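Remarks on the structure that follows.
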Amino acid sequence: MPSDTNSKIGKSLLIVGRLALAVIFLAASYAKLKPQAPVPWSMGSMRVSLSMFAMQVDSYQLLPPSLVSPAAHFLPPFELFLGLWLLSGILLRGSALITSLLLAVFFGVMVRSYFLGLEINCGCFGPGERLGPMTLLRDGSLLALALAVTIGAFLIHRRSAVAGATEATSLV
Amino acid sequence: MNLRNHSKRWVLSAALAIPALASIPAAHAQTATASAKVHTKPAASETLPPPMKTFGVKSAPITMEVFSDYQCPACRAFFQGTLRPMINDYVASGKVYLVHRDFPLPMHPYSLDAARWANAAARIGRFESVDAALFDSQTSWTKDGSMEKYVEAALGAADFKRVQKLVQGCLTQTVAVKPAAQTTHSCELDPFIEQDRNLGNQVPVQSTPTIVITYKGQRYPPMSGIFTWPIMKQYLDSLLSQ
Numbered sequence: 259m260p261s262d263t264n265s266k267i268g269k270s271l272l273i274v275g276r277l278a279l280a281v282i283f284l285a286a287s288y289a290k291l292k293p294q295a296p297v298p299w300s301m302g303s304m305r306v307s308l309s310m311f312a313m314q315v316d317s318y319q320l321l322p323p324s325l326v327s328p329a330a331h332f333l334p335p336f337e338l339f340l341g342l343w344l345l346s347g348i349l350l351r352g353s354a355l356i357t358s359l360l361l362a363v364f365f366g367v368m369v370r371s372y373f374l375g376l377e378i379n380c381g382c383f384g385p386g387e388r389l390g391p392m393t394l395l396r397d398g399s400l401l402a403l404a405l406a407v408t409i410g411a412f413l414i415h416r417r418s419a420v421a422g423a424t425e426a427t428s429l430v
Numbered sequence: 056m057n058l059r060n061h062s063k064r065w066v067l068s069a070a071l072a073i074p075a076l077a078s079i080p081a082a083h084a085q086t087a088t089a090s091a092k093v094h095t096k097p098a099a100s101e102t103l104p105p106p107m108k109t110f111g112v113k114s115a116p117i118t119m120e121v122f123s124d125y126q127c128p129a130c131r132a133f134f135q136g137t138l139r140p141m142i143n144d145y146v147a148s149g150k151v152y153l154v155h156r157d158f159p160l161p162m163h164p165y166s167l168d169a170a171r172w173a174n175a176a177a178r179i180g181r182f183e184s185v186d187a188a189l190f191d192s193q194t195s196w197t198k199d200g201s202m203e204k205y206v207e208a209a210l211g212a213a214d215f216k217r218v219q220k221l222v223q224g225c226l227t228q229t230v231a232v233k234p235a236a237q238t239t240h241s242c243e244l245d246p247f248i249e250q251d252r253n254l255g256n257q258v259p260v261q262s263t264p265t266i267v268i269t270y271k272g273q274r275y276p277p278m279s280g281i282f283t284w285p286i287m288k289q290y291l292d293s294l295l296s297q
């Protein structure tokens with residue numbers, strides 16, 4: 259039946275979207291935490307990497323120095339957590355919504371910085387990537403994907419709830 | 056009789072040959088002098104070393120190269136807000152060796168001249184004063200390129216005259232920066248600026264200021280933008296603690 263087929267397609271797209279977001283967030287977290295020079299992984303190398311990321315957050319000139327460091331040390335592990343959460347598929351509405359909110363904040367900050375003329379690195383996937391039209395396009399697309407996954411997750415949940423209620427009524 | 060005539064001939068030949076032979080070293084010396092005159096640079100250039108645009112000791116564990124443009128407002132903010140406290144603290148205590156690299160951008164018409172003044176000052180060991188003066192007075196000279204008076208104020212009359220001689224014939228103020236391939240080095244200072252620019256293109260530097268840090272022989276990725284001193288200090292401390 260067509261509605262079953264559409265539902266199957268919708269669920270498949272949702273899985274693909276969810277997994278794509280998961281991979282992206284895991285990659286982003288890895289890029290920020292990994293050693294930024296050819297040195298072995300260690301607590302020291304991660305401290306350096308997080309300090310470098312703090313410099314990139316600082317270059318956005320949005321937060322005072324007292325908040326830059328906590329934000330920079332919180333974000334990469336949170337991206338790791340979010341990536342694993344999306345991968346698991348557990349409570350998808352929640353993970354997708356938080357992902358969308360986070361990406362919306364990132365995108366908004368990037369747009370602001372770009373139009374202020376700040377010549378800085380994006381910091382999205384580690385150092386060295388300049389903030390520009392391509393990074394804005396990429397992150398804008400990620401935001402669109404996250405929103406689609408969020409909407410899809412809520413719609414599918416609602417349809418399941420309606421289908422469940424209908425079934426319960428028919429049994430009665 | 057024939058023998059006497061023969062002897063006379065030998066004596067005459069010797070009398071003619073000896074002065075001729077004696078003149079050869081003199082002629083050679085003249086030629087060498089002439090050559091030397093053609094190829095020797097004026098005495099002042101011979102004795103001056105290449106410009107040293109550095110702060111601190113080379114043996115410091117961290118080397119920080121800063122690619123900078125004297126007419127760039129972000130570079131000024133970075134110098135005043137971050138580099139200056141770093142020089143007074145981490146450079147002074149031997150933790151950081153700071154290297155200034157010129158990277159004049161094409162959209163800044165006076166940045167090349169500013170770099171020339173700084174390089175000229177560096178050749179007489181007065182880079183630090185002129186570097187600070189150019190950044191501190193940037194908002195004043197950026198409109199019309201009139202940076203001479205600020206350089207003079209930083210150097211004093213005697214050193215300013217020496218530096219002025221070095222930039223003689225170099226200053227453009229109206230000519231845009233030529234691409235590297237087309238630049239003709241009629242100015243003695245330009246090769247040093249070009250060297251920095253080539254290093255920057257290898258990084259690659261895409262905007263200014265850009266910093267490149269080397270620690271224990273490992274080069275870390277370049278970073279562009281303005282970083283506040285407290286955050287940069289944390290980064291330097293994290294490197295030093297490794």
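The listed protein sequences derive, respectively, from chains V and G. The first sequence begins at 259 in our numbering and counts up one residue at a time. The second sequence begins at 56 in our numbering and counts up one residue at a time. Just so it is clear, CB atoms sit at the ideal spot from N, CA and C, and this is done for glycine as well. As the structure is a prediction and not an experimental result, all values here were calculated from the model.
Scanning chain G for C-beta atoms nearer than 7 Å to the C-beta of leucine 376 (chain V) yields Gly280, reported in chain order. With contacts defined as CB atoms closer than 8 Å, alanine 175 (chain G) and leucine 226 (chain G) fail to qualify as a contacting pair. A Cβ of chain G is located within less than 8 Å of the beta carbon of serine 317 (chain V).
Of the residues assessed, serine 300 (chain V) falls on the exposed side of the cut-off, its CB having fewer than 16 other CB atoms within 10 angstroms.
Shown in chain order are the members of the segment 122-149 of chain G whose Cβ falls below 8 Å from a Cβ of chain V: Ala129. Looking at the DSSP output, cysteine 225 (chain G) shares a beta bridge with no other residue. Proline 104 (chain G) and arginine 178 (chain G) have their alpha carbons spaced roughly 6 Å apart. Annotation: histidine 163 (chain G) is outside any alpha helix (DSSP H) and is labelled neither H nor E by DSSP. Straight-line measurement puts the Cα of tryptophan 172 (chain G) at about 36 Å from the Cα of glutamine 294 (chain V). In the three-state DSSP reduction, glutamine 250 (chain G) falls in the helix class (H, G or I). Straight-line spacing of the CA atoms in leucine 271 (chain V) and arginine 305 (chain V) works out to 38 Å. Between the C-alpha atoms of serine 296 (chain G) and leucine 374 (chain V) there is a straight-line separation of about 36 Å.
Closest in C-alpha terms to proline 128 (chain G), from the list G:Lys108, G:Tyr152, G:Gly180 and G:Ser195, comes G:Ser195. Chain-ordered, the chain G residues with CB closer than 8 Å to the CB of methionine 310 (chain V) read Tyr275, Pro276, Met278 and Tyr290. Here DSSP, grouped into helix, strand and coil, assigns glutamate 120 (chain G) to strand. In this structure, DSSP gives proline 385 (chain V) an extended state, which the three-state scheme calls strand.
Here glycine 255 (chain G) has Phe122, Arg156 and Phe158 as same chain residues with Cβ atoms under 7 Å from its own Cβ, once five neighbours each way along the sequence are excluded. Shown here for phenylalanine 365 (chain V): same chain residues with a beta carbon closer than 7 Å to its own, the five before and five after excluded, namely Asp397, Gly398 and Leu401 in chain order. Membership of valine 315 (chain V) in the alpha helix (DSSP H) is indicated by the continuous run 301-317. Nearest CB-CB separation between threonine 283 (chain G) and chain V: below the 8 Å threshold.
Of V:Leu395, V:Leu320, V:Leu376 and V:Leu333, the smallest CA-CA separation from leucine 360 (chain V) is found for V:Leu333. Residue burial annotation: valine 281 (chain V) is exposed, with fewer than 16 other C-beta atoms found within 10 angstroms of its C-beta. Judged by DSSP in its simplified three-state form, arginine 274 (chain G) adopts strand. For isoleucine 266 (chain G) and lysine 150 (chain G), the gap between their C-alpha atoms comes out near 16 Å. Within the DSSP secondary-structure output, isoleucine 268 (chain G) pairs in a beta bridge with G:Met119. The C-beta separation of aspartate 251 (chain G) from glycine 200 (chain G) comes to about 20 Å, leaving the pair out of contact by the 8 Å criterion. Below the 9 Å Cβ cutoff, chain V contributes Val297, Ser300, Gly302, Ser303, Arg305 and Val306 as neighbours of glutamine 297 (chain G), in chain order.
Judged by DSSP in its simplified three-state form, threonine 263 (chain G) adopts coil rather than helix or strand. Residue state for threonine 109 (chain G) is assigned as strand, using DSSP reduced to three classes.
Legend: CB atoms of the segment 259-287 of chain V lying less than 8 Å from CB atoms of chain G are not found in any residue.
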